[in-house]
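Novice:
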Amino acid sequence: MTRVERYLVPRTIAEAAGGLRDGNVTIFAGGTDLMPQSKSGKAKFGTCLMNIRRIGELRGIKRTASGFSIGALTTITDLRDSPEIKVGFPALWRASDHFASDQIRNAATIGGNLANASPAGDTLVPLLVFDARVVLVSRPNGALQTRTIPMTEFLVGPGKTSRRPDELLTAVEMDAPPPGFTSRFFKFGTRPALDISTISIGLGAVRDGEKLRNVRVAIGAAAPTPIRAPHVEEALEGKVVDGATIAAAVSAADCDIRPISDLRASEWYRHELVHNMLERMLSDVGHG
Amino acid sequence: MNVREKASGDTLIGKRIPKMDAPQKASGKTRYVHDINLPGQLHAKILRSAHAHAGIRSIDVSQARSLRGVHAVITAQDLPFQRPIGVAKDHLPLKRDRVRSLRDEIAAVAADTEEIAEAALKLIRVDYEPLPVVATAEDALRPGAPALHGEDLVCVNRNGTTEVVHRAAPGNVAMTFDYSQGDIARGETESDAIVEDVFWLHYVTHCCMGVSGVIAEFDSNGNLTLYSNSQVPFLHRREFGELLGMDPGRIRIIQPPIGGGFGSKLDIYPFEPIAIYLAQITQRPVKLVFTREEEFLASPTRQPVLLKMRSGCTKDGILTFRDVETVHDNGAYTSWGATTPFVMMQTISSLYRVPNCNYQTRAIYSNNPYAGSFRGYGNLQATFAVEAHMDRLAESIGMDPLDFRLKNAQDPGEVTPQGMNFRTCGFKDCLRIAAERSDYQRKHRDNVARWRDPDPIKRGVGMASMLHVGGGAKIYQSDGCGTILKLDDFAHVTLITGASEIGQGSETVLAQLVCEELGLPLSSVTVVNNDTDVTPWDVGVHASRTTFIAGNSAIGAARKAKDKILAAAAVKFDGKADEYDLKGGIVVDRRTGNGLIEIDKLIRSLHFSEKAELVMTTFYYEPPSQHQDKKFKGDVSAAYAWATQVVEVEVDTRTGIVRLLKVNAAHDVGRVINRLGIEGQIEGGIVMGQGYALTEDLIVDHAVVRNPNFRDYKLVTAPEIPEMDVSFIETMDGEGPQGAKGVGEAPAICVAAAVANAIYNATGVRITALPFTPERVYRALRGQAKPPVWDVGS
Ligand SMILES: Cc1cc2nc3c(=O)[nH]c(=O)nc-3n(C[C@H](O)[C@H](O)[C@H](O)COP(=O)(O)OP(=O)(O)OC[C@H]3O[C@@H](n4cnc5c(N)ncnc54)[C@H](O)[C@@H]3O)c2cc1C
Chain A
1407 MTRVERYLVP RTIAEAAGGL RDGNVTIFAG GTDLMPQSKS GKAKFGTCLM NIRRIGELRG
1467 IKRTASGFSI GALTTITDLR DSPEIKVGFP ALWRASDHFA SDQIRNAATI GGNLANASPA
1527 GDTLVPLLVF DARVVLVSRP NGALQTRTIP MTEFLVGPGK TSRRPDELLT AVEMDAPPPG
1587 FTSRFFKFGT RPALDISTIS IGLGAVRDGE KLRNVRVAIG AAAPTPIRAP HVEEALEGKV
1647 VDGATIAAAV SAADCDIRPI SDLRASEWYR HELVHNMLER MLSDVGHG
Chain B
1260 MNVREKASGD TLIGKRIPKM DAPQKASGKT RYVHDINLPG QLHAKILRSA HAHAGIRSID
1320 VSQARSLRGV HAVITAQDLP FQRPIGVAKD HLPLKRDRVR SLRDEIAAVA ADTEEIAEAA
1380 LKLIRVDYEP LPVVATAEDA LRPGAPALHG EDLVCVNRNG TTEVVHRAAP GNVAMTFDYS
1440 QGDIARGETE SDAIVEDVFW LHYVTHCCMG VSGVIAEFDS NGNLTLYSNS QVPFLHRREF
1500 GELLGMDPGR IRIIQPPIGG GFGSKLDIYP FEPIAIYLAQ ITQRPVKLVF TREEEFLASP
1560 TRQPVLLKMR SGCTKDGILT FRDVETVHDN GAYTSWGATT PFVMMQTISS LYRVPNCNYQ
1620 TRAIYSNNPY AGSFRGYGNL QATFAVEAHM DRLAESIGMD PLDFRLKNAQ DPGEVTPQGM
1680 NFRTCGFKDC LRIAAERSDY QRKHRDNVAR WRDPDPIKRG VGMASMLHVG GGAKIYQSDG
1740 CGTILKLDDF AHVTLITGAS EIGQGSETVL AQLVCEELGL PLSSVTVVNN DTDVTPWDVG
1800 VHASRTTFIA GNSAIGAARK AKDKILAAAA VKFDGKADEY DLKGGIVVDR RTGNGLIEID
1860 KLIRSLHFSE KAELVMTTFY YEPPSQHQDK KFKGDVSAAY AWATQVVEVE VDTRTGIVRL
1920 LKVNAAHDVG RVINRLGIEG QIEGGIVMGQ GYALTEDLIV DHAVVRNPNF RDYKLVTAPE
1980 IPEMDVSFIE TMDGEGPQGA KGVGEAPAIC VAAAVANAIY NATGVRITAL PFTPERVYRA
2040 LRGQAKPPVW DVGS
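Here is the structure:
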């Protein structure tokens, strides 16, 4: 058992990034992943524990030249209460609405959801749909360095990201979607509240008459990380959403997903759910 | 005990009365065992096994002992006179040379803080010799399987002699039950339709909001006080006495308000003697409270059951026979779960009239968690199978399932082959009312007609009924309860009852029954029910018995007090006692209704008179029920409760998710005493049954509990709770307090059975294994399910 020897409470990003340089630091945001994980022995605290909750500049949703930047400490409740998110990024809003319970949403942060990199992390799926970029800040030798990488590069495996131990995740950025872009999110859990996704699907596209353009599909809990589903996207791009298109898109999903069996569901059932729920979502799109 | 009818304005019976403890609980002021801290108290933690099955070569506690703040570290070695606990006395609190499950206790620490105790556990070195794990009853029954209790358990007595306290159980058979009535072969030949299935009833656990905990303290005279969540303080006092080799009279059990019982606190578990040993060794109060994970891993489960059933009927819809065999996975040790056949066989033999019936159970040791008692006590499992077959038989002879049930349902006055005497029985009313209020028959037909309909969302209705003891159960020497009652100078009543309150609302009902007799408002009663040094004997909270048994006892004491007051009135007003009555705190003239004197004034005049008397009475109520004989026959309860529930579900065939939309419940409760209380009891029970049916699943995989947390062990959450329509059938039981019967367990019993029938009605697919989680249902709908098989010989 490692003992926590130091406890840091930085007030600024620069201070936090400085503290991370020493290595073996555990960042603590809402603690809603960290606490259960450390209790069950899945996660071990480093020798230094850093509470980032006091870094004011990490919280909030800001407009940028190209879209929005969401601070790492923005809570799921903040997302759910945000009119900008509700109107501009409905898939993300829905993910935050179907996230855990009030108590957890009040504590859980988007940065924690990203850094935890669970294949079932609910905000990750819509963030993939919105081509989001993750902002990482470090301070290797006194000066702050910023790295901005796309979600698909950030997520490496279950619980694994390309964040270096000396980097702080400060924000996630999204461009305003193209005009006419609409998005949806569907989460399958076994109950309406307080459930981890068995699978989830994010869907976004621009409607061009009968056809779909700029199609983006992301799937959660069906591969080592939440993924974009390029084969499904290809099957839909530029197509009229009719029975044949839906059938093609659904069977294309098999090329994109690699689900596993765990406590929540078997591989087979996850396959079936992705098929059936994708079909249902696409039929809804087709009808309206 | 006879019903007294009064004009409705005058009576408290049947009114909606908030529970007396509600304001304290709702405002967070109730002090549970967790909130109690005694001066000088130490905190205890238990080291559990790292293997489901292993020999223990050695245990090294030296480092743990030398950790600062540690006061004691104990293992079996430190307790030469340890004695076993549990129903079969096969379970030593601290294990000696072998562990048989992951919950097994190896060592325990008492320290200044929980954190230090926790740290000390990590310093204990145990050298294990892993043994092959017996993960299922099927494994345990295989030839050559390791015998988990293959040797006699020998204990050393305090006088140095040795004693075999538990005999070796070769072949891993912990217990067997064998019941029969009539002649199965004859029943088979008379049958026009026969159905057979194998059912699997899974593991669930109680999930009490308050986790297990105890504080043990010895005073300087060596007397032991336990602050305990026990449901059966008087029996446990005796058992602790035996364990400790001490006079039970010197053991006092105080029950702080208990955060849920549901049967889980009906047995002694290792943590309790362990806390006592630590208190004895350290001579300090020792507190031991489980974490939630520990509660999942080391508190009992509902009994899992593999059940094979064959049933038949004639083409006219008369049941001919029922043949049942079960294997109960007993887990590593024997607690109450092994004895659930007592209840299961009642349902199998007597819920419906079935002339020929066999029932056999083998409880088989494995390295799994062990099962205890749990609200319903085997009845959920038995009812699940029986009611599936009622639907299947009805279908196979082309009869409406309600009509089929009505043809075979019990009537009042029936004495069953098992010896149960149904003096009151509202079963047929339950069936008719639940069916009528849910429009069961029409919906049932319409849903079947929609099986081939393209809509992926299907609807189904399902019906199931239950029979359960409603007037106590004579399992022990006595099924009684004592009451001491005093009225003080201000006519304030202290009702001292042996009956424990575990959240079921008994103190409110008992106060109500007493006030009804004494013509006093509820505010004038204090109930004392939690201290064995004060309260008279009671057998414990189980078998839905408290309102019935403790209620009759309280009424008995109240009537004696009333007699005394009326006798005093007779003297004072120069009349006869039966010319007076008590009403609204006043002695009234029965004929004129005129008030004569305030009760408190009359009591004072009795107290401060020449005769100088107080109003104090006692009563002990023993129900007129019988012990079962060796063949399990006998009228074991003073009354029997009945219910029918019709559920309506929606099945999404694309995901397998089943939503419970509505429950129409009709319960023969004898009589409603506290309407608010009984509604709460029924609604809560239905939700518990819903969890059993749909969401709760303690996943035990190779003897490991995989989901010891509320994220993965899914209790029903608020938005899933269905609409409920509850009807009370008041059969006015002649023996019941004001006509009431027990109802505590009843509402949880038939939900799963009804949901199974509803899923079938929605989809045409019969699922014989619980729970109906989305994946299980989806697999069944796609023909991908592996139905349970009988792979355990006979
Ligand atoms: C009851 C319950 C229900 C849940 N339900 C859901 C659900 O429905 N959907 C879902 O997606 N998740 C759910 N979760 C998981 C969890 O709430 C989320 O993943 C949450 O977003 C984590 O955020 P946090 O701030 O609590 O992270 P923390 O627990 O504080 O941290 C999580 C991880 O991220 C690291 N970290 C945090 N912030 C940063 C940062 N700024 N830079 C670098 N590293 C960082 C931490 O070191 C840690 O490894 C649930 C959890 C619980 C306990």
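Residue numbers (our numbering), protein chains in the order written: chain A, 1407 to 1694; chain B, 1260 to 2053.
Ideal placement from N, C-alpha and C gives every residue a C-beta, glycine not left out.
1) Buried or exposed for Glu1994 of chain B, going by 16 or more other Cβ atoms inside 10 Å?
2) Does the segment 1862-1880 of chain B come within contact of the segment 1680-1698 of chain B, defined as at least 3 CB pairs closer than 8 Å?
3) Name, going along the chain, the residues of the segment 1661-1686 of chain A whose beta-carbon falls closer than 7 Å to a beta-carbon of chain B.
4) Is Pro1442 of chain A near ligand 1, judged by its Cβ being under 7 Å from some heavy atom?
5) In chain A, which residues lie with their C-beta within 7 Å of the C-beta of Asp1223 of chain B?
6) So the candidates are B:His1886, B:Val1368, B:Ala1396 and B:Gly1939; which of them puts its Cα closest to the Cα of Pro2006 of chain B?
7) With burial defined as no fewer than 16 other Cβ atoms inside 10 Å of the residue's Cβ, what is the status of Val1525 of chain B: buried or exposed?
8) Under 8 Å, Cβ to Cβ, is there at least one residue of chain A near Asn1627 of chain B?
9) Looking at Ile1433 of chain A and ligand 1, is the gap between the Cβ and the nearest heavy atom below 7 Å?
10) Jot down the residue ranges of each uninterrupted beta strand (DSSP E) in the segment 1315-1341 of chain B, minimum 3 residues, whole runs only, in chain order.
11) 8 Å is my cut-off, CB to CB: does Arg1913 of chain B come that close to chain A?
12) Please state the DSSP three-state secondary structure of Gln1440 of chain B.
13) Can you find a CB in chain A that lies within less than 8 Å of the CB of Tyr1699 of chain B?
14) Go ahead and label Val1752 of chain B buried or exposed: buried means 16 or more other beta carbons lie within 10 angstroms of its beta carbon, across all protein chains shown.
15) Buried or exposed: which applies to Met1468 of chain B, given that a residue is buried once 16 or more other Cβ atoms fall within 10 Å of its Cβ?
16) So who's on the other strand from Ala2028 of chain B, going by DSSP bridges?
17) If we count the other Cβ atoms within 10 Å of its Cβ and call it buried at 16 or more, is Ala1708 of chain B buried or exposed?
18) Comparing the C-beta of Val1691 of chain A with each C-beta of chain B, is any distance below 8 Å?
19) Should Phe1591 of chain A be listed as close to ligand 1, given that the test is whether its C-beta is under 7 Å from any heavy atom?
20) Taking all protein chains shown into account, decide if Cys1466 of chain B is buried (16 or more other Cβ within 10 angstroms of its Cβ) or exposed.
21) For the segment 1376-1453 of chain B, which segments carrying the alpha helix (DSSP H) assignment without a break, of at least 4 residues, lie completely within its bounds, in sequence order?
22) For the alpha helix (DSSP H) that Ser1655 of chain B lies in, which residues bound it at each end?
23) By a C-beta neighbour count over all protein chains shown, 10 Å radius and 16 as the cutoff for buried, is Gln2043 of chain B buried or exposed?
24) Helix, strand or coil for Asn1680 of chain B, going by three-state DSSP, please let me know.
25) So Ile1623 of chain B and Val1432 of chain B are in contact, right, with Cβ under 8 Å, and what is the actual spacing, rounded?
26) So Glu1639 of chain A and Val1656 of chain A are supposed to be a Cβ contact under 8 Å. How far apart are they, rounded?
27) Would you identify the three-state DSSP class for Gly1950 of chain B, choosing helix, strand or coil?
28) List the residues that DSSP assigns as beta-bridge partners of Tyr1618 of chain B.
29) Does any residue of chain A bring its CB to less than 8 Å from the CB of Ile1958 of chain B?
30) Chain A partners of Thr1954 of chain B, CB-CB under 9 Å?
31) For chain B, check one thing: does any of its Cβ atoms lie closer than 8 Å to the Cβ of Leu1530 of chain A?
32) Ligand 1 and Phe1663 of chain B: does any heavy atom of the ligand fall closer than 7 Å to the residue's C-beta?
33) Could you round the C-beta distance between Val1928 of chain B and Ile1916 of chain B to whole angstroms and report it? I think they count as a contact, below 8 Å.
34) In the DSSP assignment, find the alpha helix (DSSP H) that holds Asn1626 of chain B and state where it starts and stops.
35) Quick one: is the Cβ of Asp2050 of chain B within less than 7 Å of any heavy atom of ligand 1?
36) Going by beta-carbon coordinates alone, are Ile1344 of chain B and Pro1532 of chain B separated by less than 8 Å?
Specialist: This is what the structure gives:
1) Position 735 of the second sequence, counting from 1, holds the residue named residue 1994 of chain B. Result: buried.
2) no
3) Leu1669, Ala1671, Ser1672, Tyr1675, Glu1678, Leu1679, Asn1682 and Arg1686
4) For this step, residue 1442 of chain A is matched to residue 36 along the first sequence. Because some heavy atom of ligand 1 lies under 7 Å away, the Cβ of Pro1442 of chain A counts as near it: yes.
5) Summary: the structure shown does not reach residue 1223 of chain B, with chain B confined to residues 1260 through 2053, and so no result is reported for it.
6) If you number the second sequence from 1, residue 2006 of chain B lands on position 747. It is B:Gly1939 whose Cα lies nearest to the Cα of Pro2006 of chain B.
7) Position 266 of the second sequence, counted from the first residue, corresponds to residue 1525 of chain B. With the sequence shown as reference, residue 1525 of chain B is identified as Leu, and Val is not the correct amino acid for it. Buried, since its Cβ has 16 or more Cβ neighbours within 10 Å.
8) Position 368 of the second sequence, counting from 1, holds the residue named residue 1627 of chain B. For Asn1627 of chain B, the answer is no, since every Cβ of chain A falls outside 8 Å of its Cβ.
9) Locating residue 1433 of chain A in the first sequence gives position 27, where the first residue counts as 1. It does: the Cβ of Ile1433 of chain A is within 7 Å (strictly closer) of some heavy atom of ligand 1.
10) 1329-1334
11) The residue labelled residue 1913 of chain B in the question sits at position 654 within the second sequence. Yes, contact with chain A.
12) Numbered from its first residue, the second sequence carries residue 1440 of chain B at position 181. Strand, per DSSP.
13) By one-based count along the second sequence, residue 1699 of chain B stands at place 440. Output row for Tyr1699 of chain B: interface = no.
14) Reading the second sequence from its first residue, position 493 is the one you call residue 1752 of chain B. Buried: at least 16 other Cβ atoms inside 10 Å.
15) Numbered from 1 along the second sequence, position 209 holds the residue referred to as residue 1468 of chain B. Label assigned to Met1468 of chain B: exposed.
16) Counting from 1 along the second sequence, the entry for residue 2028 of chain B is found at position 769. Its beta-bridge partners are B:Trp1459.
17) Residue numbering aside, residue 1708 of chain B sits at position 449 when the second sequence is read from its first letter. Under this definition Ala1708 of chain B is an exposed residue.
18) The residue you call residue 1691 of chain A lines up with position 285 of the first sequence. It does not: the Cβ of Val1691 of chain A has no partner Cβ on chain B nearer than 8 Å.
19) As a position in the first sequence, residue 1591 of chain A is number 185, starting the count at 1. Result no, Cβ not under 7 Å from ligand 1.
20) Reading the second sequence from its first residue, position 207 is the one you call residue 1466 of chain B. The residue is buried, with at least 16 neighbouring Cβ atoms inside 10 Å.
21) 1396-1400 and 1443-1448
22) To locate residue 1655 of chain B, count along the second sequence from 1; it is residue 396. Asn1638 to Ser1655 is the extent of the alpha helix (DSSP H) around Ser1655 of chain B.
23) Within the second sequence, the letter at position 784 stands for residue 2043 of chain B. Burial call: exposed.
24) As a first step, residue 1680 of chain B is located in the second sequence; it is residue number 421 there, counting from the start. It is a strand residue.
25) Residue mapping note: residue 1623 of chain B aligns to position 364 of the second sequence, counting from 1. Residue mapping note: residue 1432 of chain B aligns to position 173 of the second sequence, counting from 1. Indeed they touch by this definition, with Cβ atoms about 6 Å apart.
26) Numbered from its first residue, the first sequence carries residue 1639 of chain A at position 233. Numbered from its first residue, the first sequence carries residue 1656 of chain A at position 250. Glu1639 of chain A to Val1656 of chain A, Cβ: 13 Å. No contact.
27) Here residue 1950 of chain B refers to the residue found at position 691 when the second sequence is read from its first residue. Reduced to three states, the DSSP call for Gly1950 of chain B is helix.
28) Within the second sequence, numbered from 1, the residue matching residue 1618 of chain B stands at position 359. DSSP output for Tyr1618 of chain B lists B:Tyr1438 and B:Val1583 as bridge partner(s).
29) Indexing the second sequence from 1 puts residue 1958 of chain B at position 699. Cβ-Cβ to chain A under 8 Å: yes for Ile1958 of chain B.
30) Position 695 of the second sequence, counted from the start, is the residue given in the question as residue 1954 of chain B. Within 9 Å Cβ-Cβ: Thr1596 and Arg1597.
31) Your numbering for residue 1530 of chain A matches position 124 in the first sequence. No, Leu1530 of chain A lies away from the interface with chain B (no Cβ there is under 8 Å from its Cβ).
32) In the second sequence, the residue the question calls residue 1663 of chain B occupies position 404. For ligand 1, not one heavy atom lies less than 7 Å from the Cβ of Phe1663 of chain B.
33) In the second sequence, residue 1928 of chain B corresponds to position 669, counting from 1. In the second sequence, residue 1916 of chain B corresponds to position 657, counting from 1. With 8 Å as the limit, Val1928 of chain B and Ile1916 of chain B do not qualify as a contact, their Cβ atoms being about 33 Å apart.
34) As a first step, residue 1626 of chain B must be located in the second sequence, where it is residue number 367. Asn1626 of chain B -> no alpha helix (DSSP H), and no H or E assigned at all.
35) Indexing the second sequence from 1 puts residue 2050 of chain B at position 791. No.
36) To locate residue 1344 of chain B, count along the second sequence from 1; it is residue 85. To locate residue 1532 of chain B, count along the second sequence from 1; it is residue 273. Cβ atoms of Ile1344 of chain B and Pro1532 of chain B: closer than 8 Å.
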